[in-house]
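Peer 1: Line order of the protein sequences matches chains A, B and C. Taking numbering that gives the first Met the number 0, the leading residue of the first sequence gets 0, the next gets one more, and so forth. Taking numbering that gives the first Met the number 0, the leading residue of the second sequence gets 0, the next gets one more, and so forth. Taking numbering that gives the first Met the number 0, the leading residue of the third sequence gets 0, the next gets one more, and so forth. Sharing a structure with you now.
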Amino acid sequence: MKEFWFRFYKNKLAFAGLIILLLFLIMALFAPLLAPYDPYQMNPGAMLNAPSSDHLFGTDQFGRDILSRIIYGSRISFKVGIISVGISLFIGVSMGIIAGYYGGILDNIISRIMDVMFSFPQIFLALVIMAVLGTSSTNLMIAIGLVYIPIFGRIARGSVLSIKDSLYIEAANSIGVNNLVIMLRHILPNIMAPIIVQTTLSFGFAIRAEAALSFLGLGVEADVPSWGIMLNQGKDWMEMAWWNAVFPGLSATLAILSFNILGDGLRDALDPRLRNDID
Amino acid sequence: MKKRLGFLLILFLGITILVSSAVGAQEIKKGGTLSITDFSFASARTLDPHIAQAAGSMRFIENLYNTLLKYKKGEYGSLEGDLVEEYSISEDGKVYSFKIHEGVKFHNGDDLTAEDVKYSIERIIDKEVRAQHFDAVENIEVMDDFNLEITLAEPVAPFLTYLAYPMNAVVNKNVVEANDDSLNDVDAGSGPFKLNVWERDQFLVLDKFEDYFEEGKPYLDRVYLKPIDDETARTTALRNDELDIILQVSAKNIDRLAEYPNINVESVAGTYWEYLGLNTEAGPLSDKKVRQAVAWAVNRDALNQMVKFGKAAPLTGGPIPPGHWADDELKVYPAQDLEKAKELLSETEYSSGFETTLIVLSNPDQLNAAQVIKAQLAPIGIDVEIRSLESSVYFENLGNGDFEMTVIGWVGFVDPDEYLYNIFHTDGIWNQQAYSNKEVDALLEEGRRVSDQEERRKIYREAQRMIAEDVPMVFLYVNPQASALQQSVRGFDVNPTVSTISLTETWIDE
Amino acid sequence: MWRYITKRILVAVPVLIGISIVAFFLIRLVPGDTITALLGANYNPEQAAVLRAEYGLDKPLVMQYFIWITNVLKGDLGQSFFTNQGVLTSIIERLPVTLELMIMSFLYSVFIAIPLGALASLKKNSLLDYSASFLGLLGVSIPNFWLGTIFILIFSLFLGWFPSGGFVSFFENPILNLRYMALPSIALGASVGAVVMRMTRSSMLEVLKQDYIEMARAKGVTRKMLIISHALKNALIPVITVLGIQMGYLLGGSVIIEKIFSLPGVGRLTLQSITNRDYILMQGCILFVAFGFVTINLVVDIIYAVINPQIRY
Numbered sequence: 000m001k002e003f004w005f006r007f008y009k010n011k012l013a014f015a016g017l018i019i020l021l022l023f024l025i026m027a028l029f030a031p032l033l034a035p036y037d038p039y040q041m042n043p044g045a046m047l048n049a050p051s052s053d054h055l056f057g058t059d060q061f062g063r064d065i066l067s068r069i070i071y072g073s074r075i076s077f078k079v080g081i082i083s084v085g086i087s088l089f090i091g092v093s094m095g096i097i098a099g100y101y102g103g104i105l106d107n108i109i110s111r112i113m114d115v116m117f118s119f120p121q122i123f124l125a126l127v128i129m130a131v132l133g134t135s136s137t138n139l140m141i142a143i144g145l146v147y148i149p150i151f152g153r154i155a156r157g158s159v160l161s162i163k164d165s166l167y168i169e170a171a172n173s174i175g176v177n178n179l180v181i182m183l184r185h186i187l188p189n190i191m192a193p194i195i196v197q198t199t200l201s202f203g204f205a206i207r208a209e210a211a212l213s214f215l216g217l218g219v220e221a222d223v224p225s226w227g228i229m230l231n232q233g234k235d236w237m238e239m240a241w242w243n244a245v246f247p248g249l250s251a252t253l254a255i256l257s258f259n260i261l262g263d264g265l266r267d268a269l270d271p272r273l274r275n276d277i278d
Numbered sequence: 000m001k002k003r004l005g006f007l008l009i010l011f012l013g014i015t016i017l018v019s020s021a022v023g024a025q026e027i028k029k030g031g032t033l034s035i036t037d038f039s040f041a042s043a044r045t046l047d048p049h050i051a052q053a054a055g056s057m058r059f060i061e062n063l064y065n066t067l068l069k070y071k072k073g074e075y076g077s078l079e080g081d082l083v084e085e086y087s088i089s090e091d092g093k094v095y096s097f098k099i100h101e102g103v104k105f106h107n108g109d110d111l112t113a114e115d116v117k118y119s120i121e122r123i124i125d126k127e128v129r130a131q132h133f134d135a136v137e138n139i140e141v142m143d144d145f146n147l148e149i150t151l152a153e154p155v156a157p158f159l160t161y162l163a164y165p166m167n168a169v170v171n172k173n174v175v176e177a178n179d180d181s182l183n184d185v186d187a188g189s190g191p192f193k194l195n196v197w198e199r200d201q202f203l204v205l206d207k208f209e210d211y212f213e214e215g216k217p218y219l220d221r222v223y224l225k226p227i228d229d230e231t232a233r234t235t236a237l238r239n240d241e242l243d244i245i246l247q248v249s250a251k252n253i254d255r256l257a258e259y260p261n262i263n264v265e266s267v268a269g270t271y272w273e274y275l276g277l278n279t280e281a282g283p284l285s286d287k288k289v290r291q292a293v294a295w296a297v298n299r300d301a302l303n304q305m306v307k308f309g310k311a312a313p314l315t316g317g318p319i320p321p322g323h324w325a326d327d328e329l330k331v332y333p334a335q336d337l338e339k340a341k342e343l344l345s346e347t348e349y350s351s352g353f354e355t356t357l358i359v360l361s362n363p364d365q366l367n368a369a370q371v372i373k374a375q376l377a378p379i380g381i382d383v384e385i386r387s388l389e390s391s392v393y394f395e396n397l398g399n400g401d402f403e404m405t406v407i408g409w410v411g412f413v414d415p416d417e418y419l420y421n422i423f424h425t426d427g428i429w430n431q432q433a434y435s436n437k438e439v440d441a442l443l444e445e446g447r448r449v450s451d452q453e454e455r456r457k458i459y460r461e462a463q464r465m466i467a468e469d470v471p472m473v474f475l476y477v478n479p480q481a482s483a484l485q486q487s488v489r490g491f492d493v494n495p496t497v498s499t500i501s502l503t504e505t506w507i508d509e
Numbered sequence: 000m001w002r003y004i005t006k007r008i009l010v011a012v013p014v015l016i017g018i019s020i021v022a023f024f025l026i027r028l029v030p031g032d033t034i035t036a037l038l039g040a041n042y043n044p045e046q047a048a049v050l051r052a053e054y055g056l057d058k059p060l061v062m063q064y065f066i067w068i069t070n071v072l073k074g075d076l077g078q079s080f081f082t083n084q085g086v087l088t089s090i091i092e093r094l095p096v097t098l099e100l101m102i103m104s105f106l107y108s109v110f111i112a113i114p115l116g117a118l119a120s121l122k123k124n125s126l127l128d129y130s131a132s133f134l135g136l137l138g139v140s141i142p143n144f145w146l147g148t149i150f151i152l153i154f155s156l157f158l159g160w161f162p163s164g165g166f167v168s169f170f171e172n173p174i175l176n177l178r179y180m181a182l183p184s185i186a187l188g189a190s191v192g193a194v195v196m197r198m199t200r201s202s203m204l205e206v207l208k209q210d211y212i213e214m215a216r217a218k219g220v221t222r223k224m225l226i227i228s229h230a231l232k233n234a235l236i237p238v239i240t241v242l243g244i245q246m247g248y249l250l251g252g253s254v255i256i257e258k259i260f261s262l263p264g265v266g267r268l269t270l271q272s273i274t275n276r277d278y279i280l281m282q283g284c285i286l287f288v289a290f291g292f293v294t295i296n297l298v299v300d301i302i303y304a305v306i307n308p309q310i311r312y
């Protein structure tokens, strides 16, 4: 564990990613305290104001403060990220462990389902699912969650296969330990490393997918301060108010970047075999 | 009641010449190509006038065909002859006699005769889409090649207006039959332009029809109609001279585009009116006082400011726009009055407010209006949830009455009957608000029968007042019809109905 | 080798069947149907019921599926209700746009990202390496639709160098075509380039470390020659796999990019079919995209097997 922290700290970039992430997290948690304005408050007298000391990031077409909306937007991003990644993590890992552990027909069926899901470009699949479910934040989280199930499934299955025949599991099996217990107690902890890395990276994907789908008008409700919605509406005004199209995108990029850096760093730290850096 | 359209046409041409000579005695320059775009073009799905419903399809089709009558340039609500040279209406208002121009050719060289007119009207009825325009038709009799008589079961005041509707076009019977009744990508017209090629979602190319029956017209050799989805892309293309006309410019771009020296923005009062629909059968909204509270709580001026940049004309009474002969000039809701709204609401069982949902398309202006309305209704305790739906789901919900509130609009009406009957009559086919008021029904029925304009104006004024007070809709505003044109474009009529039929008389001055 | 390829193709068959089932039944779960969309503002229930019967939409779902899939196997993807055009025809009509977009994005990745990645690995820990790494991270993090928006803002609106959207066929006007395609293809290719560059770099580092390179060095081959003949060749094997996977993502990303830049490609056709609830067209597009994705993966696997004979399944 100590070694992990050392290696992680040594990777300064990953550390920076963690810091940025924490800042976003603080932003999301304390949004009402941090936001200078009510993100929903319209003001016909302040339509499309350029960035100034009153409105650091300017205002949108309803005179709403963009900075406040970005701060509140981090809540949406984290919410979507946590729930959708939670869905794919839970279902994907369960399916992967079951497939890998039991093998046979069950493995075949699960793997084929994963194969089929894998045959669609992710954003494309999410789009189609949203079209089926209809636009709302809940549906958005489900759609994004569904799309990333096979990734977790494959990783979990692969990891299980690599340790399934180990003496350790065989021993547990031979003394009659319940299958569920073996899976939860003995297999799950041993395949955690790649799953943690994938979880971190998936947060980045989820934030991007939320923004992309909302940008296409297939995401969250229109008045919700989400970065994607802000970009969707902002692009209509960018010719006269560039700040509408710039700041929300910048926030999304920064958040995704921090998850990616962190994911890279975790991969280096947790799994020396996968390390990028060769000394 | 005989009207001589030929004379009117001459008079009209005389005026045009006078006007253009006043502008600088310019000589019309023939030839050249023109490209035009509109956000609606992306919705073009067919070239068959009798089944076309999307606005984009209509714009693509209207210059390929002729109608019996057409909208008069520059005079919204008035008509002039197109194929019809002269016509008369019997005293009882039931028999219409038409004499059509001789020597009109279809694009394939066939002669256009009264038989084709009859065939076309029958085909429209057969295709159902606009059959209701001809509901009252009892008999169509072809007298000879150029004369026909249409007999109605009862008088229909807007009948001539229906005949001028660009999609009630005359098609070539032979071409229709040769194509198994499908005109989806076939040109069976006699219009000023003929179909060259249609690359779906890329462009439609129309070429001048050399044998057009109006001597010397059209002036242009070729017209490109290009769908460009994105408004920014449209305005940049116009600025970069890659385009000649943007048919509909959104409110926010009217002033901005006008600043460019090579661009003219021409704006007229439009027919595109938007409203907040209230389902009169849905929960709290079934209470008239609740609906009136909503009507008083909405700030039309602020909406106009924030959504339309102040370019629209707020509607304080009924839907018929200012400038129309049947404009009601009513001020039922002159300004927002939150006190009155709260008071009305307190007289109902929803005095502490309620939750409701508002469905809307992803159309940016309507989505924006929904957000502003949500904010405006919050102070009186109405908590609105906005649900943006895909068009098919949206219209299904609307059609089934499966909604509480909605923001949407209507466009392209000419006769007051079109504005009111189908939408507010208890049995109206588009009465999505499930509105029912026997007195209004009676007025709307009377308005169909009466032919005197002044009398009809009174009828519709009264009907609009009653509708405004019953609030099946909170009428928001009428959009201006603004087109942006290159400075060199001449003779294009920016029409309230958004029609492009004036391309026949459009030319380029370079 | 041939056995592997045959086997690989056979494995794709059940996947394709699965795709067709998903494509068909997913769409049937959609709220609202083609008929309501077709009627649009003029919707009324009676007329809708008549039209539904006319188009066979009132038959049992399983039957509708078998009718559809039989036709698909005959090469008939059906006819769209909206465009009244054959589905396959509409897709093929728009395919060149999407292909051009993908190929251009792909070329950036190959001709910029691979040399940059290789160079970074050779000058490890130099300023160049760090900048490349950072660029790579930024590239994979920046959402392509925002990059596209920013490109329009800067290069079309402020600088006026490129059009902000639209399309002209290459055969009609090659120069104009390239002007229209420049921004979208860079916006789409950025993330792929970034992934490829990162992969090239790490793969090169791995190869450089290996013993046989050391041996080759001992024999006195010049450093430059060594890189070209051994390291890069070996390092490219995993890069090709990544490129293949990324080709698939280009297909997905093109949906948004085509929308932003108003390109009449397959992605926008899909979006339109979704908005219009054009079942038949939507199914066709989903089937087509997934089929393309599977084919690309298949081809990549085969190429991979050919260039890397050690691998056998």
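Backbone N, C-alpha and C define an ideal beta-carbon position, used for all residues, glycine too.
To the nearest angstrom, how far is it from the Cα of Ser89(B) to the Cα of Tyr64(B)?
Peer 2: Going from the Cα of Ser89(B) to the Cα of Tyr64(B) covers about 28 Å.
Peer 1: Using a Cβ-Cβ cut-off of 6 Å (strictly less than) and excluding sequence neighbours within five positions of Leu50(C), which residues of its own chain qualify?
Peer 2: Around Leu50(C): Ile34.
Peer 1: Counting only C-beta atoms, is Gln375(B) closer than 8 Å to chain C at any point?
Peer 2: No, because no Cβ of chain C sits closer than 8 Å to the Cβ of Gln375(B).
Peer 1: Indicate the three-state DSSP secondary structure (helix, strand or coil) for Thr496(B) in the structure shown.
Peer 2: Note: Thr496(B) maps to coil in three-state DSSP.
Peer 1: Apart from the five residues on each side of it in sequence, which residues of its chain come closer than 7 Å, Cβ to Cβ, to Val204(B)?
Peer 2: Taken in chain order, the residues that qualify are Asn195, Val196, Arg221, Tyr223.
Peer 1: Measuring straight from C-alpha to C-alpha, what distance separates Gly175(A) and Ile228(A)?
Peer 2: If you take the alpha carbons of Gly175(A) and Ile228(A), they lie about 54 Å apart.
Peer 1: What residues match up with Lys207(B) in a beta bridge as DSSP calls it?
Peer 2: For Lys207(B), which the question treats as bridged, DSSP gives the partners Phe192(B).
Peer 1: If you draw a straight line from the C-alpha of Ile153(C) to the C-alpha of Met237(A), how long is it?
Peer 2: Taking the straight line joining both Cα atoms gives about 10 Å.
Peer 1: Using the beta-carbon of each residue, which ones in chain B are nearer than 8 Å to Pro162(C)?
Peer 2: Simply Ala232, Thr235, Ala236, Asn239, Glu241.
Peer 1: So that I know if they touch, is there some Cβ in chain A lying closer than 8 Å to that of Leu158(C)?
Peer 2: Chain A, which has no Cβ nearer than 8 Å to the Cβ of Leu158(C), makes this no.
Peer 1: Which of helix, strand or coil does DSSP assign to Glu346(B)?
Peer 2: Coil at Glu346(B), not helix or strand.
Peer 1: Rounded to a whole number of angstroms, what is the C-alpha to C-alpha distance between Leu343(B) and Ala296(B)?
Peer 2: Between Leu343(B) and Ala296(B), the C-alpha separation is close to 10 Å.
Peer 1: Any beta carbon from chain A within less than 8 Å of Pro363(B)'s own beta carbon?
Peer 2: Taking Cβ atoms only, chain A reaches closer than 8 Å to Pro363(B), which makes this a yes.
Peer 1: On the DSSP bridge assignment, give the partners of Lys69(B) in chain order.
Peer 2: Lys69(B) pairs with Glu79(B).
Peer 1: Is it right to say Glu140(B) is buried, meaning 16 or more other beta carbons lie within 10 angstroms of its own, or is it exposed?
Peer 2: By the 10 Å Cβ count, Glu140(B) comes out exposed.
Peer 1: I'd like to know whether the C-beta atoms of Leu76(C) and Val86(C) end up nearer to each other than 8 Å.
Peer 2: In this structure, Val86(C) lies closer than 8 Å to Leu76(C) by Cβ.
Peer 1: Rounded to a whole number of angstroms, what is the C-alpha to C-alpha distance between Leu10(B) and Gln463(B)?
Peer 2: Here the model assigns Leu10(B) a pLDDT of 37, short of 50, so the residue's position is not dependable and the matter cannot be decided.
Peer 1: Under 7 Å Cβ to Cβ from Asn70(C), same chain only, skipping five residues before and after it: list those, please.
Peer 2: Around Asn70(C): Gly77.
Peer 1: Beta-carbon separation of Pro320(B) and Val497(B) under 8 Å?
Peer 2: No; because the gap between Cβ atoms is not below 8 Å, this pair is not in contact.
Peer 1: For Ala481(B), write down the residues that DSSP places opposite it in a beta bridge.
Peer 2: Ser266(B), per the DSSP bridge assignment.
Peer 1: For a quick check, are the C-beta atoms of Ala34(A) and Ile70(A) less than 8 Å apart?
Peer 2: In this structure, Ile70(A) lies closer than 8 Å to Ala34(A) by Cβ.
Peer 1: Out of Tyr248(C), Leu127(C), Leu175(C), which has the shortest C-alpha to C-alpha gap to Ser190(C)?
Peer 2: For the residues Tyr248(C), Leu127(C), Leu175(C), the minimum Cα distance to Ser190(C) belongs to Tyr248(C).
Peer 1: Should the stretch 216–223 of chain A be called in touch with the stretch 361–371 of chain B, which here means at least 3 C-beta pairs below 8 Å?
Peer 2: Short answer: they touch.
Peer 1: Kindly list the residues whose CB is nearer than 8 Å to the CB of Phe3(A), restricted to its own chain and excluding five residues on each side of it in sequence; keep chain order.
Peer 2: Once the five neighbours on either side are set aside, the close Cβ partners of Phe3(A) are Ala268, Leu269.
Peer 1: How about Leu275(B) and Val383(B): do their beta carbons lie closer than 8 Å?
Peer 2: No, the Cβ-Cβ distance between Leu275(B) and Val383(B) is not below 8 Å.
Peer 1: Who are the neighbours of Ala301(B) on chain A, taking C-beta pairs under 8 Å?
Peer 2: The contacting residues are Pro43.
Peer 1: In angstroms with no decimal places, state the Cα-to-Cα distance between Glu445(B) and Lys93(B).
Peer 2: Rounded to the nearest angstrom, the two C-alpha atoms are 15 Å apart.
Peer 1: Helix, strand or coil for Pro120(A) per DSSP?
Peer 2: Correct three-state label for Pro120(A): coil.
Peer 1: Please identify, using Cβ separations under 7 Å, the residues of the stretch 112–142 of chain A that lie next to chain C, in order along the chain.
Peer 2: Against chain C - using a Cβ distance shorter than 7 Å - the residues of the stretch 112–142 of chain A are Asp114, Val115, Ser118, Phe119, Pro120, Gln121, Ile122, Phe123, Leu126, Val127, Ala130, Val131, Gly133.
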